[in-house]
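**Q** From first to last, the protein sequence lines are chains D and B. For what it's worth, the working numbering labels the leading residue of the first sequence as 1, then goes sequentially. For what it's worth, the working numbering labels the leading residue of the second sequence as 312, then goes sequentially. Built from N, CA and C at the ideal position, the CB exists for glycine as well.
There are 2 protein chains.
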Amino acid sequence: MGNDSIKIRTPATVSNVSCGFDCLGYAISEPADIVTVTKTDNQDIDISLSGIGADKIPTTTKKNTAGKAVLSFLDFFGEKKGFKIHIEKGIHPGSGIGSSAASAVGAAFGVNKLLGSPLSLEELLVHCINGEIVSSGTAHGDNVAPALLGGFILIRINGSPDIIKLPVPKNLISIIVLPEYQINTQDARNILPKNVSLKSAIKQSGNISGFIAGLYESNFELMSRSMVDLFAEPFRRGLIPGYDSIHQAAMESGAIGCGISGSGPSIFALSYSKERAEIIGKEIVKGFQKVGLNSKLFISSIHTHPPEILD
Amino acid sequence: MGNDSIKIRTPATVSNVSCGFDCLGYAISEPADIVTVTKTDNQDIDISLSGIGADKIPTTTKKNTAGKAVLSFLDFFGEKKGFKIHIEKGIHPGSGIGSSAASAVGAAFGVNKLLGSPLSLEELLVHCINGEIVSSGTAHGDNVAPALLGGFILIRINGSPDIIKLPVPKNLISIIVLPEYQINTQDARNILPKNVSLKSAIKQSGNISGFIAGLYESNFELMSRSMVDLFAEPFRRGLIPGYDSIHQAAMESGAIGCGISGSGPSIFALSYSKERAEIIGKEIVKGFQKVGLNSKLFISSIHTHPPEILD
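1) Give a yes or no on whether 7 Å exceeds the smallest Cβ distance from B:SER485 to chain D.
2) Just to make sure I have the definition right: I need the residues of chain D whose C-beta is within less than 8 Å of the C-beta of B:LYS505. Which are they?
3) Buried or exposed: which applies to B:ASP315, given that a residue is buried once 16 or more other Cβ atoms fall within 10 Å of its Cβ?
4) Give me, in chain order, the residues of the same chain whose beta-carbon lies closer than 8 Å to that of B:GLY448; leave out the 5 immediate sequence neighbours on both sides.
5) Between D:GLY131 and D:ALA104, how many whole angstroms is the CB-CB distance? I'm expecting something under 8 Å.
6) How long is the line joining the alpha carbons of D:GLY53 and D:ILE202, rounded to whole angstroms?
7) Measure the C-alpha to C-alpha separation of D:CYS23 and B:PHE388 and round it to an integer number of angstroms.
8) Measuring alpha carbon to alpha carbon, tell me which residue in D:GLN43, D:ASN143, D:PHE211 is nearest D:PRO167.
9) So what's D:ALA255 in DSSP terms, helix, strand or just coil?
10) For chain D, is any of its Cβ atoms less than 7 Å away from the one on B:SER574?
11) Using a beta-carbon distance below 7 Å, is D:ILE202 in contact with chain B?
12) Kindly list, in the order they appear in chain B, the residues whose Cβ is closer than 7 Å to that of D:TYR216.
13) Distance, Cα to Cα, D:HIS92 vs D:ASN207?
14) Check the Cβ-Cβ distances between B:SER520 and every residue of chain D, and say whether any is below 7 Å.
15) Ignoring anything shorter than 4 residues, give me the alpha helix (DSSP H) runs that lie fully in the stretch 129 to 204 of chain D, in order along the chain.
16) For the stretch 60 to 90 of chain D, which segments carrying the beta strand (DSSP E) assignment without a break, of at least 3 residues, lie completely within its bounds, in sequence order?
17) Measuring only between beta-carbons, confirm whether D:LEU154 sits less than 7 Å from chain B.
18) Answer with buried or exposed for D:HIS127, where buried requires no fewer than 16 other C-beta atoms within 10 angstroms of its C-beta.
19) With the cut-off set at 7 Å, would you say D:VAL177 and D:ILE284 are in Cβ contact?
20) How would you list, in chain order, the residues of chain D whose beta-carbon sits under 9 Å from the beta-carbon of B:VAL539?
21) Considering only C-alpha positions, which residue in the set B:GLY568, B:HIS397, B:ILE398, B:LEU382 is nearest to B:LYS391?
22) Less than 6 Å between C-beta atoms, sequence neighbours within five positions excluded: which residues of the same chain meet that for B:SER326?
23) Going by DSSP in three states, B:PHE522 sits in which element: helix, strand or coil?
24) Could you tell me which residues DSSP pairs with B:ARG548 in its beta bridges?
25) Would B:ILE440 count as contacting chain D if we go by Cβ distances under 7 Å?
26) Distance check for B:SER584 and B:GLU434, CA to CA, integer angstroms please.
27) What residues are listed by DSSP as bridge partners for D:ILE309?
28) Could you name the residues of chain D that B:ARG320 contacts, counting a contact when the two beta carbons are closer than 7 Å?
29) Look up D:ASP41 in the DSSP assignment and say whether it is helix, strand or coil.
30) Which stretch, first to last residue, makes up the alpha helix (DSSP H) that contains D:ALA269?
31) B:ASN375 and B:VAL445 look like a contact to me (Cβ under 8 Å); what is the Cβ gap, rounded to whole Å?
32) Could you work out which residue in B:SER529, B:ILE571, B:ALA524 is closest to B:ASP540 when comparing CA atoms only?
33) From B:VAL397 to B:LEU430, what does the alpha carbon distance come to, in whole angstroms?
34) Determine whether the beta carbon atoms of B:ASP344 and B:THR321 lie at a separation below 7 Å.
35) What does a CB cutoff of less than 7 Å around D:SER253 pick up in its chain, not counting 5 residues either side in sequence?
36) Tell me whether D:GLN204 is buried or exposed, calling it buried when 16 or more other Cβ atoms sit within 10 Å of its Cβ.
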């Protein structure tokens, strides 16, 4: 595409992963946004959109997650440069699988590449987070970091974000089912309690720890026992029609774990094989049908790399 | 010692390890209890004690942590057998380094061995926990499990305890400083809040996760950043004279991390070398001197094996 333009494919992501509320996420191969970044001669950051749900996303630079990420990046360098950014949405906005994170990452990653990669991926992260805040109000990096780095990512927010790339067990398959149903991200956050019991907090600590040890050991049984959420799921499960029976059906059909992806309405599950994933996926789709909802199924491996540069 | 008697050395342990309140612990080589178990012809569990603080420990079987562990074990089999159990205390009672856990583990481990090892170490754990409850009121297994299995242990309590043995980075050295000062374990527990903010709970999740990833990666810097406790230390630090400046001195002299061992009053620290550990240990001892307290220093490698059978 020449030196003045670049096309980036950035993956959808699952945050929380049941036991890792606000500190764990992983990237999947499907679906993805495709972000085209082109240098211009003016100093504007010009945003345009096409694809799924494009009409719901603001194009004003400061209100657009990709625009804000690029502004944050350029402000950091004190540079005044112009870019046209076109986002082809493959990820449904408001689906709970990191739609805005993917756009922010694609744009910041593309601009960084066009400028000769002055920032490392880790350094880019904060600008992607600054972008994501625009659309979600808060940003924890648990979508942005896996979209940017690939794989399973642990984020510790302690002052500046501390990003730890975790191993991905062989054969691990992700299932996403997105129902035709809207959840307001802000509502999903407001429903959470300000405090939790110390007992629950200790259990959740044990769960995320067990899950991470499970990733290192490729121990699917340990991962499975650990995929229990005491922080968000007990409160958010009521926001998704049919959630309890869908969760049960997924587990009974052999899922390693199953939960709400991000703040929903997508439901994710993990499986140890593609064949098993197909069975689990169909059960979840069936579960949504029972409550009168159509849904879309994505079965995919874990995307373990940074965003792809397309020709 | 013949087939009717066995002598077991069980190590002291550090629980909590800053970021792993009630779910993380490790075993150290020094100090240790030595428990001698001898079969008898009657059906009594007879407890006797010698060594450090022996006069403070009850010898009534049901009130003694080792006696209760053995009773729990024998009840499980419905067996009526008699044993003499002599505990030579090398670990100060009430020191915060798993004194009662070591005695419970030594006795249960010894009885199991004398009976031909009907239980695996993992199966023995619950009986050791039942023993430890007698002395501490609650038992989380975070002392008992590392005393029994060695190394760093993650415990998830979710119904039955789920024990995960974690890797031990090479060259990791433990520092323990036990001041001549009493803390009541029950007081140390009562001072804790019933609830924590969701934000703190998320941070603590990230911290223990980072620490565990650090153990797997032998990444001392990540371990160091992660060794922050938001659950117990903010409340318990006031119980230990000079704690804040001791903690600061330990960190400034190069500790990977430093915190309260169990519910105190012992302070533990981790170091990347024995030489550095000596410096850190002396700083902590000096810190206690400044507040008028004598203390005892133990520098030791991580004990990575089950209890030792002595000749």
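**A** Reading off the structure:
1) no
2) SER197, LEU198
3) exposed
4) THR496, GLN497, ARG500
5) 3 Å
6) 40 Å
7) 44 Å
8) D:PHE211
9) coil
10) no
11) yes
12) TYR527
13) 30 Å
14) yes
15) 144 to 149, 185 to 190
16) 82 to 89
17) yes
18) buried
19) yes
20) ASN158
21) B:LEU382
22) GLY336, ASP453, ASN454, GLY573
23) helix
24) Answer by DSSP bridge pairing: none, since B:ARG548 is not bridged.
25) no
26) 35 Å
27) D:ILE8
28) The contacting residues do not exist; B:ARG320 stays about 28 Å from chain D at best.
29) coil
30) Premise fails: D:ALA269 lies in the beta strand (DSSP E), 267 to 271, not in any alpha helix (DSSP H).
31) 7 Å
32) B:ILE571
33) Residue identity check: residue 397 of chain B is His in the sequence provided, not Val. Computed Cα separation, rounded: 22 Å.
34) yes
35) ILE279, ILE280, GLU283
36) buried
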